[in-house]
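In what follows, a single structure is set out as structure tokens and then discussed.
Numbering (the numbering used here), first residue to last: 102 to 512.
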């Protein structure tokens with residue numbers, strides 16, 4: 102059974118357990134989903150990641166527009182590629198796996214032309230993918246493998262069909278982030294899919310009437326039936342050029358634009374902890390280089406791949422159950438008391454995330470450690486590695502951080 106201490110969810114860890122040795126670590130905070138309503142068809146987008154912006158991406162240009170095309174590829178994709186080549190600009194294509202299977206040559210041409218390809222699920226069927234996170238995940242992974250077979254690479258860029266508003270709950274956001282994906286919504290809707298046959302003039306008006314921001318992510322479609330979108334594209338490009346915008350492609354390094362979390366959206370049941378550990382946690386390591394984390398405790402060493410741990414404000418944050426079990430401990434969840442039971446050699450420890458306590462079997466009074474030591478993400482309980490090792494009688498004696506790896510040694 103997965104851990105689900107509700108009161109500990111999305112809390113920051115306490116400053117006293119900061120890893121001072123990790124001065125060079127990059128802070129990567131957990132996703133913070135806002136709960137504001139999204140008026141006017143959700144076009145007021147918010148960024149839900151607190152990760153610091155990357156200068157090479159975020160600050161390279163004064164004003165940037167990202168043209169994005171969903172639901173392809175189709176025969177119209179080639180027409181769009183020709184326009185983009187003529188204009189000497191690049192775009193991002195969020196493709197459907199079932200369409201990519203039918204037209205792999207278009208996917209290949211798109212990638213060869215220097216455009217970025219993102220994942221838009223397999224079949225765009227809301228009733229399937231939004232029934233449960235595992236169903237959504239399976240569609241993402243299916244399309245990911247299709248694209249990898251065509252292009253030779255994986256994409257971590259994802260766009261949810263229909264956008265995240267009203268479709269994603271907090272579990273979707275958290276587990277997608279833990280899996281190494283960047284989920285992008287948009288802040289300019291061309292309106293080309295509001296109904297069948299939206300004329301080019303209306304599409305142009307929808308785009309050009311939007312309030313100009315430093316970064317504009319424009320939603321368009323290149324699937325069958327969007328001939329008017331192709332007609333509108335040259336004038337849309339010309340509009341942004343006249344306004345002084347440069348054209349870029351979306352990147353995993355930039356801060357994604359995401360809609361608010363709908364207040365009406367209730368959390369669906371999170372996947373089982375065992376499923377999260379076997380599917381989600383190792384997944385981020387698939388997307389390029391990252392430092393593995395080696396942890397030694399009690400003479401046993403284990404490895405957490407990049408994506409299986411986080412660095413948050415100088416602290417190494419790890420999944421409690423995964424880390425301890427790999428080191429040889431037995432971890433269980435008492436659903437009645439909502440406590441975590443850790444048995445490691447002669448140590449019998451009971452952790453209560455909702456009360457913020459840790460109690461040894463022989464102790465009469467539990468140790469107050471604070472609820473802010475615990476973090477619940479997608480049904481998995483996380484803690485700082487230092488806190489976890491100290492509570493289990495394995496204080497840290499050395500921490501090293503090189504370009505190749507992180508290594509923590511404890512007693």
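In this text, a Cβ means the ideal position worked out from N, Cα and C, and glycines have one as well.
**Q.** Which listed residue (185, 269, 427) has its alpha carbon closest to that of residue 212
**A.** 185
Q) Considering only residues of the same chain and omitting the five flanking positions on each side of residue 299, which have a CB-CB separation below 7 Å? A) 292, 293, 329
Q | Contact check, residue 381 vs residue 510, beta carbons under 8 Å | A | Not a contact, by the Cβ cut-off of 8 Å.
**Q.** Rounded separation between residue 422 and residue 475 - CA only
**A.** 12 Å
(Q) What would DSSP say about residue 198, mapped onto helix, strand or coil? (A) helix
Q: Please name the residue or residues paired with residue 289 in a DSSP beta bridge.
A: 319
**Q.** Three-pair Cβ contact test at 8 Å for the segment 423 to 436 versus the segment 401 to 415
**A.** yes
Q: With a cut-off of 8 Å on the beta carbons, I'd call residue 188 and residue 304 a contact; round off their distance for me.
A: Between residue 304 and residue 188 the Cβ distance is about 17 Å, and since that is not below 8 Å, they are no contact.
Q) Ends of the alpha helix (DSSP H) at residue 220? A) That residue, residue 220, is in no alpha helix (DSSP H); its beta strand (DSSP E) goes 217 to 220.
Q. In terms of residues, what are the limits of the alpha helix (DSSP H) holding residue 205?
A. 205 to 213
Q.
I'd like the span of the alpha helix (DSSP H) that includes residue 308, first residue to last.
A. Annotation: the continuous alpha helix (DSSP H) that includes residue 308 extends over 301 to 309.
Q.
Between which two residues does the alpha helix (DSSP H) holding residue 271 run?
A. Looking at the DSSP string, the run of the alpha helix (DSSP H) that includes residue 271 is 271 to 279.
Q: Using a threshold of 8 Å, state whether the C-beta atoms of residue 234 and residue 260 are closer than that.
A: no
(Q) So the candidates are 371, 468, 443; which of them puts its Cα closest to the Cα of residue 274? (A) 371
Q) If residue 181 sits next to residue 413, beta carbons under 8 Å apart, how far is it from one beta carbon to the other, in whole angstroms? A) The Cβ separation is near 40 Å, so there is no contact.
Q. Got a sec, what are the start and stop residues for the beta strand (DSSP E) residue 433 sits in?
A. Run containing residue 433: 431 to 435, per the beta strand (DSSP E) assignment.
**Q.** Burial state of residue 296 (16 or more Cβ within 10 Å)
**A.** exposed
Q | Helix, strand or coil at residue 420 according to DSSP, with G and I counted as helix | A | strand
Q. Quick one: what's got a C-beta closer than 6 Å to residue 420's C-beta in the same chain, skipping five residues either side?
A. Taken in chain order, the residues that qualify are 481, 483.
**Q.** When 193, 465, 478, 203 are compared against residue 220, the one with the closest alpha-carbon
**A.** 193
Q: Note the first and the last residue of the continuous alpha helix (DSSP H) segment covering residue 339.
A: Run containing residue 339: 328 to 343, per the alpha helix (DSSP H) assignment.
(Q) The beta strand (DSSP E) that contains residue 453, what's its start and end? (A) 448 to 453
Q) Which of helix, strand or coil does DSSP assign to residue 358? A) DSSP places residue 358 in coil when its eight states are reduced to three.
Q) With C-beta atoms as the reference, is residue 205 less than 8 Å away from residue 241? A) no
Q) So, helix, strand or coil for residue 227, using DSSP? A) Correct three-state label for residue 227: helix.
**Q.** residue 557 vs residue 176 beta-carbon contact at 8 Å
**A.** Any answer about residue 557 is impossible in this case: the structure gives the chain only from 102 up to 512.
Q: Given a cut-off of 8 Å, decide if residue 258 and residue 283 are closer than it, judged by their beta-carbon atoms.
A: yes
Q.
So the candidates are 267, 499, 245; which of them puts its Cα closest to the Cα of residue 361?
A. 267
Q: Please work out which residues of its chain come closer than 6 Å, Cβ to Cβ, to residue 178, disregarding the five sequence neighbours upstream and downstream, and give them in chain order.
A: 207, 323
Q. Given a threshold of 16 other Cβ atoms within 10 Å of its Cβ, counted over all protein chains shown, does residue 334 qualify as buried or as exposed?
A. Around the CB of residue 334, 16 or more other CB atoms lie within 10 Å, so the residue is classed as buried.
Q: Kindly identify the DSSP beta-bridge partner or partners of residue 170.
A: In DSSP, residue 170 forms a bridge with 194, 321.
(Q) Would residue 410 and residue 166 qualify as a contact pair, given that the criterion is a beta-carbon distance under 8 Å? (A) no
(Q) Just to confirm my understanding: we take residue 281, look at its own chain, exclude 5 residues before and 5 after, and list those with CB closer than 6 Å. What are they? (A) 257, 384, 385, 388, 408
Q.
Excluding the 5 residues flanking residue 499 on each side, which residues of the same chain have their C-beta closer than 7 Å to its C-beta?
A. 510
Q: Give the secondary structure of residue 368 by DSSP, where H, G and I count as helix, E and B as strand, and everything else as coil.
A: coil
**Q.** Close Cβ partners of residue 230 (< 6 Å) along its chain, the five nearest in sequence each way excluded
**A.** 222, 236, 237, 240
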